[in-house]
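Asks: Numbering (our numbering), first residue to last: 181 to 608.
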């Protein structure tokens, strides 16, 4: 570029001028490196923007655009030399966006948390708009691709830049989420064992994630009846589409449930007996207790009276339970039940006789005292006829007792022989 001295005809040359610049945040001008014949102390510029309106004295432009400069040399030997117009441009600075993504724990969605960085000029006011950053899928993994798209720039200084990328890609990790399983157990009626049934298995899984939870065993602390008894659920495992995104924190869960008493139904069957002078009956009891349980059923069985008879009603009363496992049961038929009917059969009465000697009286009548094995307290009397074998005197004479009969309240409960050998006696 040549500058001509308008006032005195002096020609001054500018060397080293540049006409293409890139925005750098500072003032830019095609400042010459020398002007021959002029020892200038400064240069006065008048800038006229072509694409950007700009006109200042001695203040070069900073913003991108196309400009025309008119230079005036101020100094010794310059004589107010001015130049013609000199054109130059300041281009927008290319800006490249890079992204940094943060690792996260699995949360059931692909959303990523990122920060953006760029090569802006320090101090420039820029902001970025972009669609939410996303992992390539929601699942756990290392060095997973993260994409930020739809990038645009705003801010006071945004016009000074041209964006080189609207998408940025980086990598980050999604780590497994801790999964804790909780359980409930169903109440049950006492069944003689500790086996429990799981009601529900739940977890802190996220939203609609597909997690299947299983267990191998569930047991009460012991088999006995009780409320809010501890139940241990063991062998917990997980499977399903989203299981790989979780790590199981517990393979055992503790919950509570009730074991309630089992209804015990007692049945009785009455047995026949031989008359024994009382109403006590013999009844065989059966029940629905759990096999092997230590439960003893106590009872009192009675006939309606003590006397012989068939089809006599038998009642079982005073039913109680004892034994180590008795507390696990409740009686359904309270303390009394029918045992049906049974018979009291007659009792054999054994009669013995003791005879006495007598003085000859012309007949064979003998004197005999009878004894028997009746039930103590029974009321009846015995009639009989006692005779010698003839009326004549003699020693060791045989005496027979015949015509034995019973009368009285309890006579009908016995069977007996009406004639017995009473032994021997003498007629003197």
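The C-beta atom is built at its ideal place from N, Cα and C for all residues, glycine as well.
(1) Are the region 532-551 and the region 499-510 in contact at 8 Å, needing three or more beta carbon pairs?
(2) Taking 8 Å as the cut-off, does the region 514-534 touch the region 592-605 (at least 3 CB pairs, one atom from each stretch)?
(3) I need the boundaries of the beta strand (DSSP E) containing residue 443, first residue and last residue.
(4) Please classify residue 611 as buried or exposed, where buried requires at least 16 neighbouring CB atoms within 10 angstroms.
(5) Taking only the alpha-carbon atoms, compute the straight-line gap between residue 588 and residue 454 and give it to the nearest angstrom.
(6) Does DSSP classify residue 352 as helix, strand or coil?
(7) Which residue's Cα is closest to the Cα of residue 316: 395, 440, 329?
(8) So, with DSSP's three-state summary, where would you put residue 231?
(9) DSSP has residue 387 in a bridge; who is on the other side?
(10) Taking a contact to mean a Cβ-Cβ separation below 9 Å, would you say residue 348 touches residue 377 in this structure?
(11) On the criterion of 16 or more Cβ atoms from any shown chain inside 10 Å, does residue 390 qualify as buried, or is it exposed?
(12) Does the beta carbon of residue 461 sit closer than 9 Å to a beta carbon anywhere in chain B?
(13) DSSP three-state label for residue 493, please.
(14) Roughly how many angstroms lie between the CA atoms of residue 483 and residue 496, to the nearest whole one?
(15) Run the CB neighbour count on residue 505, radius 10 Å, all protein chains shown included, and call it buried at 16 or more, exposed below.
(16) Expressed to the nearest angstrom, what Euclidean distance is found between the alpha-carbon atoms of residue 420 and residue 282?
(17) Taking 7 Å as the limit between beta carbons, can you name the residues of its chain near residue 384, skipping five residues before and five after?
(18) Once DSSP output is grouped into helix, strand and coil, what is the label at residue 451?
(19) Could you give the C-beta distance for residue 437 and residue 520, rounded to a whole number, given that I count them as a contact under 8 Å?
Replies: Put simply:
(1) Counting Cβ pairs under 8 Å, fewer than three are found: no touch.
(2) Contact between the region 592-605 and the region 514-534 is established, with three or more Cβ pairs separated by less than 8 Å.
(3) Position 263 of the chain shown holds residue 443. Where residue 443 is concerned, the enclosing beta strand (DSSP E) stretches over 442-444.
(4) Outside the displayed span of the chain (181 to 608) sits residue 611, for which this structure offers no information.
(5) Looking up residue 588 in the chain shown gives position 408. Looking up residue 454 in the chain shown gives position 274. Distance between the alpha carbons of residue 588 and residue 454 is about 19 Å.
(6) Taking the chain shown and counting its residues from 1, the one referred to as residue 352 is at position 172. Correct three-state label for residue 352: strand.
(7) On the chain shown, position 136 is the one that residue 316 refers to. For residue 316, the nearest C-alpha among the options comes from 329.
(8) Walking along the chain shown from the start, residue 231 turns up at place 51. In this predicted model, residue 231 has a pLDDT of only 43, less than 50, meaning its place in the structure is not dependable; the value taken from the coordinates is given anyway. Three-state result, residue 231: coil.
(9) Locating residue 387 in the chain shown gives position 207, where the first residue counts as 1. Note: residue 387 sits in no beta bridge, so no partner.
(10) Walking along the chain shown from the start, residue 348 turns up at place 168. Walking along the chain shown from the start, residue 377 turns up at place 197. At a Cβ-Cβ threshold of 9 Å, residue 348 and residue 377 do not count as neighbours.
(11) As a working mapping, residue 390 is identified with position 210 in the chain shown. With fewer than 16 other Cβ atoms inside 10 Å of its own Cβ, residue 390 counts as exposed.
(12) Note that chain B does not occur in the displayed structure, where there is just one protein chain.
(13) Along the chain shown, read from residue 1 onward, the residue named residue 493 stands at position 313. Strand, per DSSP.
(14) By one-based count along the chain shown, residue 483 stands at place 303. By one-based count along the chain shown, residue 496 stands at place 316. Distance between the alpha carbons of residue 483 and residue 496: 9 Å.
(15) The count along the chain shown starts at 1 and reaches residue 505 at position 325. Buried.
(16) If you number the chain shown from 1, residue 420 lands on position 240. If you number the chain shown from 1, residue 282 lands on position 102. So the two alpha carbons sit approximately 27 Å from each other.
(17) As a working mapping, residue 384 is identified with position 204 in the chain shown. If we look at residue 384 and ignore the five residues flanking it on each side, its Cβ neighbours are 359, 360.
(18) To locate residue 451, count along the chain shown from 1; it is residue 271. DSSP, reduced to helix, strand and coil, places residue 451 within a strand of the structure shown.
(19) Numbered from 1 along the chain shown, position 257 holds the residue referred to as residue 437. Numbered from 1 along the chain shown, position 340 holds the residue referred to as residue 520. No, residue 437 and residue 520 are not in contact; Cβ-Cβ is about 40 Å, not under 8 Å.
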